[in-house]
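Sequential numbering of the sequence shown, starting at 23, is according to this note's numbering. C-beta atoms are modelled at their ideal positions from N, C-alpha and C, and glycine is treated no differently.
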Amino acid sequence: MKLTRRDFAKVSALAGAGVMTPAWARRALAAALPASVPLSDPALQPKFVNLVPDALAPGFIYRPNKKTGEYSVTVAKAKQATGLINPATGRALKTDVWGYGDSKDGVITWPGRTFQVKSASAGGPDETVVNWFNGLKPVTEHLLPVDTNLHWCYSLHNYTGYDFTNAGVPIITHLHGGHTDFQYDGNPEFFYGVEGRNQVTGPQWDNVPGGFTTKFRYDNNVRAGNLWYHDHALGITRLNVYAGLAGFYFVRDEFDTGLPVGKKGGNPLGLPAWPYEKAYAIQDRMFTETGELFYPAFPDDPFYEDFITGEGAILPGDKFPNGGPTALAEFFGDHMVVNGVIWPKENVEPRNYRMHLLNGTDSRFMVIQFVAVNAGDTDFTNAGLPIPFCVIGSDQGLGAATTTDTLVFEPGSRYDIVFDFSDQALAGKRVIMKNFGWDAPFGGDFGANPGDGDVFDNRQTDRIMAFDVVLPLDRKVPDAFDPSNINFGPNVGTPGPKRQVALFEGKDEFGRLQPLLGANTGTEAAPIWSAIAWHSPTTENPALDTTEEWEVYNFTGDAHPVHLHLVHFQIMGRNAITYDSDDGDPGQQVPQHNGEFGVAPTITNVTVGGGVNLGPNDGYVENAPKDMVTALPDQVTRIKATFDKPGRYVWHCHILSHEDHEMMRVLHVGPGA
């Protein structure tokens, strides 16, 4: 829904008259609320001044131990220059972060350094072995405010005696997109605390032969793909990732080698190779005026009025002594960050560049465009029309080359694009990567900022980074990209069983907004749509080595980026749906982890309508193997996947604030669920 100036005036008048402002409008207005601490003003921070860190530079690639072939990575604290300055003095500020780093050299970065491994099909080993060490020593508190009333690591049965002071910060690294045995998958209840003789480990390690280990094994019998690794600890994923715990993981194969054209080993597809291949982890953050990370959780913080007071939530003082800290349903930062630096730039030659884009935000759907402006411009006053680019792949590898000028970019997803800077009209110009999406939950609509004077004006999140076309062309390096060489794609077989799952928006025991997953627990002919919290018995239990079709029914007002662990899948299509909902009054009771009850809408009379065809002209390029899919409101989205490893996995919404507040369920393959 587009918020126009007229709409803004209308909803403001309704609110003043005592009529409830619609949720989409409240969420858009939330960012205007004051914070409880002085925050950095994004308008006063430099744009396109600092060079973006190169995540594929040889010095930023992890190297295995020469004797064992294994990698050793530590999670620890660090200070990082993010490009922030004190606007009054121009002095650079540093930010406390948690990051990943090589255990040998002790250098910790946000994002963590990049893994680049060779597929077994290209002569690599069958597995990559990584030792993940928790170096976050016992501390008095997390780097960010923790809501201990959530279903989280130290609220589990037999874990309530642990806290950060005696067990450290729990972590568990998930290789997102990995084809991984369940005990190494990074499931939330496989967390572990700080290293030591009495190291705390999550309850699911009790079900693993041999017990707990920090030595994780990742299957290399896969095709090339742009994976990423990030923390996945129960109930604090959003916080640990926000603190800096994320990084790239690339698999190379005999087709996508990552090698320059003409080098031994070959580059049969003619793809741009480093230094013309880049990887950009795009995130959003808030900072205090002194440069520290800021995450809202208390009264007067951004989004609190929207998701707590505005939802009628009642937070008892014995559990929330200062009105918090409380989890909030979504987060939209006001500073755009790429590879840990705010609004950076890249100097480029007039040639093709390959760009791996990662949406590592909490809640933000971006809509990517590229526009040319004059040299030195930091806004779109002199911008031209969107410039077409070529999408050659997505989450789990190459697809079919597709030209578009607009790309919907869901949280957790990756897109592999090639952009051509060789047009003579771009010489000496600046090309800005633009975000055409809004600072609000995504419902499928996007477009130009609404009219002058409303809540979207003066935001800085409509620009991400810049490319200055100022380097001379190195003619010794061939520019051999030919999109006709890229004709891969998802190759999932014919599905057998059909599974119907669902997305709900309910409220927890305190009246806070609580997104939930669920399922048809009846039959296809007589469906019963049940909203189910994370800890309840497993309902998604595919048989080993079966290919299933999943129908994902979205009964909420927002889009959700749905992620399944273990598998890659093929997006089959979408259909419109209509249904009746009681909006949670009286609704269905949803048991919470603490024995209390929340509520979710009762859904009846679901009717499937006509197909919804989304393609490049709509900003959707989905013709590659995916592990993320955008499930749009009032639609059923169909995917198919093969479940070929047994054990306990999960599926969830990849809005991190959603998965931390119960929008995640166990996905157990084979017997033993």
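Per-residue burial, residue i [other beta carbons within 10 Å of its own, 16 or more giving buried]
i: R48; result: Residue confidence is low: R48 scores 35 on pLDDT, short of 50, so the model does not pin down where it sits. Its coordinate-derived value is still stated next. Label assigned to R48: buried.
i: G620; result: buried
i: L350; result: buried
i: L429; result: buried
i: E570; result: buried
i: D682; result: buried
i: A646; result: buried
i: E546; result: exposed
i: P147; result: exposed
i: A54; result: With a pLDDT of only 37 at A54, under 50, the local geometry of the prediction cannot be trusted, and no value is derived from it.
i: H179; result: exposed
i: G38; result: The pLDDT assigned to G38 is 30, lower than 50, so where the model puts this residue is not dependable, and the model offers no usable value.
i: V129; result: exposed
i: T111; result: exposed
i: G475; result: Residue placement at G475 cannot be trusted, given a pLDDT of 41 that sits under 50; the coordinates are not used to answer.
i: P56; result: Only weak support is given to the placement of P56: the predicted model assigns it a pLDDT of 49, under 50, and the value that follows is read from those uncertain coordinates. The residue is exposed, with fewer than 16 neighbouring Cβ atoms inside 10 Å.
i: R687; result: buried
i: R219; result: exposed
i: K89; result: exposed
i: G694; result: exposed
i: A50; result: Here the model assigns A50 a pLDDT of 38, short of 50, so the residue's position is not dependable, and the following value carries that caveat. Its Cβ being crowded by 16 or more others within 10 Å, A50 is buried.
i: E644; result: buried
i: Q391; result: buried
For residue i, the nearest candidate out of the options (CA to CA)
i: G419; options: Y298, W673, A103 and G280; result: G280
i: G332; options: Q221, P321 and G339; result: P321
i: G123; options: D467, I83 and G313; result: I83
i: T383; options: V643, L267, R660 and A65; result: L267
i: K456; options: Y206, G579 and P366; result: P366
i: V389; options: K285, Y206 and D484; result: D484
i: E327; options: G339, G346 and N616; result: G346
i: N369; options: D438, Q592, K451 and G112; result: K451
i: R376; options: Q305, E299 and A541; result: E299
i: V672; options: E684, N616 and V453; result: E684
i: F238; options: P225, R274, H201 and F272; result: H201
i: L525; options: G406, V589, T652 and A447; result: T652
i: L66; options: G288, L106 and N87; result: L106
i: V658; options: V643, F577 and N108; result: F577
i: R436; options: S416, P505 and D445; result: S416
i: P68; options: N513, S385, T236 and V363; result: V363
i: W154; options: D501, P294, S141 and G208; result: G208
i: F665; options: V360, N616 and Q592; result: Q592
i: L21; options: V152, P225 and H164; result: Since the displayed the chain opens at 23 and closes at 695, residue 21 lies outside it and no answer follows.
i: F532; options: G288, R670 and N616; result: N616
i: L315; options: L261, V283 and A303; result: L261
i: Q226; options: H557, D649, V71 and P290; result: H557
i: F234; options: Y240, Q221 and V492; result: Q221
i: D605; options: G579, I599, H590 and Q614; result: G579
Terminal residues of the alpha helix (DSSP H) in which residue i lies
i: V261; result: Reading the sequence as shown, one finds Leu at residue 261 and not Val. Note, L261: alpha helix (DSSP H), T259 to A265.
i: E681; result: L678 to E681
i: N188; result: F186 to A189
i: F329; result: Y326 to F329
C-beta neighbour in chain C for residue i, strict 8 Å
i: R452; result: Within the model displayed, chain C is absent; a lone protein chain is all it includes.
CB-CB length for residue i against residue j, believed under 8 Å
i: F277; j: A246; result: 7 Å
i: G292; j: F503; result: 5 Å
i: V393; j: V440; result: The pair is not a contact, with the Cβ atoms about 17 Å apart (cut-off 8 Å).
i: H587; j: L689; result: 6 Å
i: G459; j: F342; result: With a Cβ gap of about 32 Å, G459 and F342 do not count as contacting.
i: P8; j: Y214; result: Because the chain here runs from 23 to 695, residue 8 falls outside it and cannot be looked at.
i: D306; j: G355; result: 3 Å
i: F272; j: R373; result: With 8 Å as the limit, F272 and R373 do not qualify as a contact, their Cβ atoms being about 21 Å apart.
i: N229; j: A142; result: So it is not a contact: roughly 28 Å between Cβ atoms.
Any non-hydrogen atom of the ligand NAD within 7 Å of residue i CB
i: L566; result: For the structure depicted, the ligand NAD is absent and the ligand set is empty, with no information on it obtainable.
Extent of the continuous beta strand (DSSP E) to which residue i belongs
i: H615; result: Unbroken run through H615: none, as it is neither H nor E.
i: Y575; result: T568 to N576
i: M685; result: Segment: none, M685 is in no beta strand (DSSP E) and carries neither H nor E.
i: N156; result: E149 to N156
i: K101; result: Y93 to I107
i: Q536; result: L535 to N542
i: R497; result: Here R497 belongs to no beta strand (DSSP E), and DSSP marks it neither H nor E.
i: A488; result: R485 to V491
i: D640; result: Looking at the DSSP string, D640 is not in any beta strand (DSSP E), and its letter there is neither H nor E.
For the segment 127 to 143 against the segment 82 to 96, are there 3 or more C-beta pairs whose distance is under 8 Å?
yes
Tell me whether the segment 330 to 346 and the segment 409 to 419 touch, counting them as touching only if at least three CB pairs, one residue from each stretch, are closer than 8 Å.
no
Counting beta carbon pairs with one atom in the segment 515 to 525 and one in the segment 544 to 562, are three or more of them shorter than 8 Å?
Under the three-pair Cβ rule at 8 Å, the segment 544 to 562 counts as touching the segment 515 to 525.
Cβ contact check for the segment 621 to 634 and the segment 394 to 409: 3 or more pairs under 8 Å
no
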